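Structure first, then comments.
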Amino acid sequence: AQRELMEDGQRVVLRGDLTVYEPQGKYQLRVQSVDLQGVGELQAKFEKLKAKLKAEGLFDAETKLELPRLPQRIGIVTSLSAAALRDVVHVIQRRQPALHMVLAASRVQGQGSAAEITTAIGQLNAWSQTEPLDLILVTRGGGSLEDLWAFNEETVARAIHASALPVISAIGHEIDFTISDFTAD
58 AQRELMEDGQ RVVLRGDLTV YEPQGKYQLR VQSVDLQGVG ELQAKFEKLK
108 AKLKAEGLFD AETKLELPRL PQRIGIVTSL SAAALRDVVH VIQRRQPALH
158 MVLAASRVQG QGSAAEITTA IGQLNAWSQT EPLDLILVTR GGGSLEDLWA
208 FNEETVARAI HASALPVISA IGHEIDFTIS DFTAD
């Protein structure tokens with residue numbers, strides 16, 4: 058773990074050698090490696106990937122696709138059971154009822170969800186070759202850092218960046234930030 062990512066009170070796993078100075082009964086731990094645990098570990102992974110992708114230019118404003126002013130057909134990547142889907146559909150029905158929606162269902166949390174989100178973005182891009190879409194909305198409701206982790210995976214960030222269609226990231230609540238948010242258009 059990098060020193061600048063460590064803070065007081067964080068849980069860590071230390072690896073090293075334990076020695077004893079018998080005359081004074083003192084122990085000494087010579088630390089050889091430190092691994093952050095729990096949220097600290099995830100936050101460190103987040104910061105490391107964020108720095109890597111930023112250095113590669115995935116967050117640059119010049120690489121962003123322009124969002125259409127009045128989209129007519131959108132692709133949506135989310136779970137069929139997500140509250141976010143119900144919210145999106147409700148808002149669209151209220152504000153622009155003629156908007157055509159194509160759903161590419163995927164899990165939005167847990168093992169394998171990042172691969173499903175990546176696949177769904179690819180499927181919507183392929184669909185758009187014959188049935189043009191104006192943009193893709195990737196969405197899910199709020200949750201803990203662990204719950205939102207699929208949207209911090211490199212494969213999802215690269216799929217968003219590679220999309221021929223503009224991508225909007227609507228993940229979590231206003232206080233939540235994911236790598237997908239930084240990569241999206």
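Throughout the sequence shown, residue numbering follows our numbering, covering 58 to 242 in sequence.
Using N, Cα and C, we set each Cβ at its ideal position, and we do this for glycine too.
All figures in this text were calculated on a predicted structure; none of them were measured in a lab.
Check this for me: beta carbons of residue i and residue j, under 9 Å apart or not?
{"i": "ILE193", "j": "ILE131", "result": "yes"}
{"i": "ALA141", "j": "ALA221", "result": "no"}
{"i": "ARG197", "j": "ALA139", "result": "yes"}
{"i": "THR76", "j": "GLN89", "result": "no"}
{"i": "GLY199", "j": "HIS157", "result": "no"}
{"i": "VAL244", "j": "SER163", "result": "This structure does not reach residue 244, given that the chain is present from 58 up to 242, and the question cannot be answered."}
{"i": "ILE225", "j": "VAL195", "result": "yes"}
{"i": "LEU136", "j": "VAL165", "result": "The sequence as given places Ser at residue 136; Leu does not occur at that position. Going by C-beta atoms, SER136 is nearer than 9 Å to VAL165."}
Does the Cβ of residue i have 16 or more other Cβ atoms within 10 Å, making it buried, or fewer, making it exposed?
{"i": "ILE217", "result": "buried"}
{"i": "THR187", "result": "exposed"}
{"i": "ARG143", "result": "exposed"}
{"i": "LEU205", "result": "buried"}
{"i": "VAL148", "result": "exposed"}
{"i": "ALA161", "result": "buried"}
{"i": "GLU123", "result": "exposed"}
{"i": "GLU210", "result": "buried"}
{"i": "LYS107", "result": "buried"}
{"i": "ALA177", "result": "buried"}
Grab me the residues of residue i's own chain with a C-beta within less than 7 Å of its C-beta, minus the 5 sequence neighbours each way, in chain order.
{"i": "ASP191", "result": "PRO125, PRO128, GLN129, ARG130, ILE131"}
{"i": "VAL213", "result": "ALA171, ILE174, THR175, ALA207, SER237"}
{"i": "GLY114", "result": "THR120"}
{"i": "ASN182", "result": "SER220, ALA221, LEU222"}
{"i": "LEU99", "result": "LEU202, GLU203, TRP206"}
By Cβ distance below 6 Å, which residues in the same chain neighbour residue i in space, the five residues on each side in sequence not counted?
{"i": "ARG87", "result": "GLY73, ASP74"}
{"i": "THR240", "result": "LEU115, ALA214, ILE217, HIS218"}
{"i": "PHE103", "result": "ASN209"}
{"i": "LYS83", "result": "none"}
{"i": "LEU118", "result": "Reading off the sequence shown, one finds Ala at residue 118, where the question assumed Leu. Cβ neighbours of ALA118 beyond the five flanking positions: none."}
Give me whichever residues DSSP pairs with residue i in a beta bridge.
{"i": "ALA161", "result": "VAL134"}
{"i": "VAL224", "result": "ILE193"}
{"i": "ASP74", "result": "ARG87"}
Once you ignore the five residues that flank residue i on each side, which residues in its own chain have a CB closer than 8 Å to its CB?
{"i": "SER185", "result": "GLY132, ALA221, LEU222"}
{"i": "ALA155", "result": "GLN129"}
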